[in-house]
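Numbering (this note's numbering), first residue to last: 173 to 309.
Here is the structure:
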């Protein structure tokens with residue numbers, strides 16, 4: 173299995189550099205033709221969202237839609253696809269960063285009641301709390 177770095181995934185998605193896009197597409201084609209698998213880590217997804225939103229100014233809903241398509245790709249594998257899907261849903265409809273929602277989903281899967289954060293906007297959402305508001309069970 174081969175892991176994709178953020179720059180390869182971004183080139184494949186945005187097609188803004190002809191040579192690098194062609195190389196990324198050729199790699200993916202070789203893997204698909206060999207019925208292989210490419211691994212996309214959570215870190216790569218977080219960086220991809222950050223690059224697409226910050227550098228390319230792609231709207232959140234479009235980013236979420238593109239990444240949902242990637243989750244459905246048979247030749248791509250992810251650490252926790254269900255958690256990623258829930259984080260993408262939250263990212264598309266709320267104001268926090270994708271990474272924040274992915275952290276929350278991983279925390280929930282680990283049995284955590286909440287994520288302690290100083291981000292006041294997030295503390296108004298389910299699953300986040302200010303450190304001073306965290307109650308011990």
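C-beta: ideal position from N, C-alpha, C; glycine also.
Pick from the options that is closest to residue i, judged by C-alpha positions
i, options, result
"residue 266", "294, 282, 186 and 241", "294"
"residue 311", "255, 196, 203 and 261", "The shown model of the chain, from 173 to 309, leaves out residue 311, and the question about it has no answer."
"residue 174", "186, 236 and 250", "250"
"residue 254", "202, 191 and 281", "281"
"residue 220", "300, 252, 176 and 279", "176"
"residue 236", "252, 263 and 223", "263"
In DSSP terms, what residue i is bridged to
i, result
"residue 210", "174 and 248"
"residue 301", "288"
C-alpha distance - residue i paired with residue j, whole-angstrom precision
i, j, result
"residue 277", "residue 200", "28 Å"
"residue 313", "residue 303", "No answer is possible for residue 313: it lies beyond the span of the chain, which begins at 173 and ends at 309."
"residue 308", "residue 270", "27 Å"
"residue 256", "residue 285", "18 Å"
"residue 186", "residue 214", "19 Å"
"residue 196", "residue 296", "40 Å"
"residue 178", "residue 279", "24 Å"
"residue 234", "residue 259", "14 Å"
"residue 145", "residue 287", "What is shown of the chain runs 173 to 309, which leaves residue 145 out entirely."
"residue 232", "residue 252", "21 Å"
"residue 203", "residue 301", "43 Å"
"residue 242", "residue 274", "16 Å"
"residue 222", "residue 292", "20 Å"
"residue 283", "residue 240", "25 Å"
Counted within 10 angstroms of its Cβ, other Cβ atoms place residue i as buried (16 or more) or exposed
i, result
"residue 268", "buried"
"residue 217", "buried"
"residue 194", "exposed"
"residue 306", "exposed"
"residue 198", "exposed"
"residue 205", "exposed"
"residue 272", "buried"
"residue 189", "exposed"
"residue 299", "buried"
Residue i CB to nearest heavy atom of the ligand HEM below 7 Å
i, result
"residue 280", "As far as ligands go, the structure on display features none, and thus does not contain the ligand HEM."
Check your understanding: Are three or more beta carbon pairs between the segment 219 to 237 and the segment 174 to 191 nearer than 8 Å?
Key -> yes
Check your understanding: Do the segment 240 to 251 and the segment 205 to 217 meet, that is, are 3 or more Cβ pairs less than 8 Å apart?
Key -> yes
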